[in-house]
Each structure stands twice: as structure tokens, then as C-alpha cells.
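*Asks:* Got a structure for you, written out below as C-alpha cells; questions coming shortly.
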Amino acid sequence: MEEEIVPYRTDQQEGILAETIMIAGHNGDQIRAFSVRPTAPEPVPGVVLIHHAPGWSDWYKEMAFRFARRGYAVLCPNLYERLGHGTLEDVQVLMRAAGGVPDAQVVGDVVAAANYLKAQPNTTGKIGVLGSCSGGRHTYLTACQSNEFAAAVDLWGGGVVMKPEDLNEKRPVSPIDLTANLSCPLLGIFGNEDRAPAPDQVDQHEAALKQHGKQYEFHRYDGAGHGFFYYDRAPYRQEQAMDGWAKVWAFFEKHLA
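In terms of the numbering used here, the sequence shown has 150 at position 116, counting the first letter as 1, and numbering is strictly consecutive.
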């Protein structure tokens with residue numbers, strides 16, 4: 035399956051509003067979020083994008099436009115807001131020095147983003163969530179700890195399966211142990227050459243979903259490793275990425291329509 039190009043006519047009216055806004059995140063903290071939405075008057079579904087470990091990057095902002103062109107109101111919160119500001123590299127240094135961000139804080143920020151979208155007059159109230167890498171892990175964690183989402187997409191989220199010795203104050207629970215609480219359908223996209231998550235960890239994750247009778251789709255790609263959607267990086271794999279994106283669009287269309 036290849037990704038379908040958005041149908042387009044040269045005489046159609048098209049408008050997108052993009053801006054950085056402030057929202058009340060976890061514990062009411064003010065955080066920045068990148069908002070992109072169609073300007074058409076009819077209500078549309080919403081999607082929260084959870085950025086990866088490198089941070090609130092251009093790739094996620096470009097993805098926000100991509101979703102908006104397909105008829106979604108998108109919000110991508112800056113999960114590193116409290117660490118400080120600067121270039122992407124500056125913030126990565128701050129994030130590593132802090133030992134990452136607490137899971138509870140991330141979940142709070144993501145739920146706040148969903149509630150913000152639901153409160154807007156131009157949304158239908160159906161909200162999806164998508165994240166890659168650490169954002170994939172946070173997607174799963176959030177979908178297991180809240181009831182705000184109608185669909186969740188995990189792109190190669192590492193750390194869903196954690197060893198006891200890897201748990202700490204900021205990451206106190208292995209997300210797989212929360213599978214019984216998963217509150218919405220899940221789509222997982224993985225590369226078989228990835229090591230975080232490795233194929234055996236994806237197997238464990240899938241077994242837990244089956245054990246608890248959860249609605250899910252997992253798609254695994256040969257010849258692809260970690261981050262194979264990232265078209266500006268060496269791991270990019272065009273054929274697998276295009277098929278994966280087609281799966282994402284079909285999944286959200288099914289569950290958010």
C-alpha cells in the first residue's frame with residue numbers, strides 16, 4: 035500500500051492557520067504548543083503530536099501541516115518547556131542533564147493538549163494521539179492513563195517494555211504493565227531492524243495486548259530500523275515509510291471520522 039496523495043483541485047479554496055500558542059499543561063504550568071488547523075468552518079477531528087527525544091523539532095512541525103492538510107486540528111506541545119530554551123541542540127543538552135522529563139508530567143501535558151483541542155469550536159471532540167521514538171512510548175503511556183483519546187499511534191516507541199532495573203523516579207512504571215487500562219484502539223508501526231524496540235520487545239507488547247483483549251494493529255517492516263519515517267536522516271526508507279503513512283491515515287480516518 036502506498037500513501038495516497040491528498041486530492042486537490044486548482045480551484046479549491048484552502049486555508050491553514052499555524053501559530054505557537056500557550057496552553058495550561060500539567061499542574062497548570064504554561065507551556066508552548068504548535069497549533070495548526072484548517073480554516074474551513076466545519077468542525078474537524080483533532081490530533082495531539084508527541085515529539086521525540088530530540089525535542090520539539092521541525093519534523094514535528096512539518097507533520098502538523100501534513101495532518102492539517104488532511105483535515106485535522108493539530109496541537110504539538112513542547113514537553114521540554116520547563117527545561118529552558120535555545121536551539122534544538124541546546125535543549126537536548128538541558129534534557130540530558132535533567133535526566134529526561136517525568137512520565138507523569140508528559141502525560142499531564144498531553145492530556146491538557148487534548149482537552150484544549152476538545153474545547154475549540156472547530157473540533158468534533160474526537161481526538162487522536164501520535165508519537166515517535168520516546169513519543170511513541172509516551173503515546174502508549176498516555177492512552178493507558180487517560181480516556182481522552184479515540185485512537186493512538188505508536189511509531190517505534192522504545193521503552194514500552196522495561197526491565198525493573200531501568201525504572202526510576204521519573205519513569206516509575208513499565209508502560210506494558212498498564213496494558214489492561216489501554217482506553218482506545220492502537221496502531222503500532224515498527225522496523226524489524228530496530229533495537230529500541232527490538233522485535234522481541236514488540237512481540238511482548240503484542241502478547242500483552244492479546245492477553246487483555248485490546249483492539250490493535252501492528253505492522254512490522256523488513257529492511258527498516260529506528261526512525262525510518264525521518265526523511266532527513268540516514269535511516270529513512272521510502273517504500274516502508276510510504277506504506278506506514280498509509281496505515282496511519284487509514285487508522286485515523288476509521289477511528290476519528
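Every residue, glycine too, gets a C-beta built ideally from N, C-alpha and C.
Is the beta carbon of VAL125 sitting closer than 8 Å to the one on GLY134?
*Replies:* No. Outside cutoff.
*Asks:* Give the single residue among ALA291, GLN274, LEU290, HIS86 whose Cα lies nearest to the Cα of GLY193.
*Replies:* When only C-alpha atoms are compared, the closest one is HIS86.
*Asks:* My output table needs one value for SER166: the three-state DSSP class, helix, strand or coil.
*Replies:* Reduced to three states, the DSSP call for SER166 is strand.
*Asks:* Do the stretch 217 to 224 and the stretch 174 to 185 make contact, defined as three or more Cβ pairs closer than 8 Å?
*Replies:* Touching, per the Cβ criterion.
*Asks:* Of all the options PRO136, ALA148, GLU240, ALA214, which has the alpha carbon lying nearest to the alpha carbon of ASN202?
*Replies:* Among PRO136, ALA148, GLU240, ALA214, the Cα nearest to that of ASN202 is on PRO136.
*Asks:* Determine the closest residue to PHE262 out of GLN274, PHE252, GLY159, with distance taken between C-alpha atoms.
*Replies:* When each option's Cα is compared against that of PHE262, the closest is GLN274.
*Asks:* Is the separation between the beta-carbon of TYR78 and that of ALA98 shorter than 8 Å?
*Replies:* As written in the sequence, residue 78 is Val, which differs from the Tyr given in the question. The answer is no: Cβ separation not under 8 Å.
*Asks:* Restricting to Cα atoms, I'd like to know which of TYR255, TYR42, PRO111, TRP190 is closest to GLY170.
*Replies:* Checked all of TYR255, TYR42, PRO111, TRP190; the closest Cα to GLY170 is TRP190.
*Asks:* How is the beta strand (DSSP E) around GLN64 delimited, first residue to last?
*Replies:* Looking at the DSSP string, the run of the beta strand (DSSP E) that includes GLN64 is 64 to 72.
*Asks:* Between ASP234 and GLN249, what straight-line distance do the alpha-carbon atoms span, to the nearest angstrom?
*Replies:* Answer to the nearest angstrom: the Cα atoms are 20 Å apart.
*Asks:* Which same chain residues end up closer than 6 Å to LYS160 when comparing Cβ atoms and leaving out the 5 residues on each side of it in sequence?
*Replies:* Same-chain partners within the cutoff: PRO79, ALA184, LEU290.
*Asks:* Going along the chain, which residues of its own chain have a beta-carbon closer than 6 Å to the beta-carbon of SER168, five neighbours each way excluded?
*Replies:* If we look at SER168 and ignore the five residues flanking it on each side, its Cβ neighbours are HIS86, ALA87.
*Asks:* Are the Cβ atoms of ASP143 and GLY59 separated by less than 8 Å?
*Replies:* Yes, the pair counts as a contact, with Cβ atoms nearer than the cut-off.
*Asks:* Which word fits ARG205, buried or exposed, when buried means at least 16 other C-beta atoms lie within 10 angstroms of its C-beta?
*Replies:* Buried, by the Cβ-count rule.
*Asks:* Suppose you measure from the CA of ASP266 to the CA of GLN245; what does that come to, to the nearest Å?
*Replies:* Using only the alpha carbons, I get a separation of about 38 Å.
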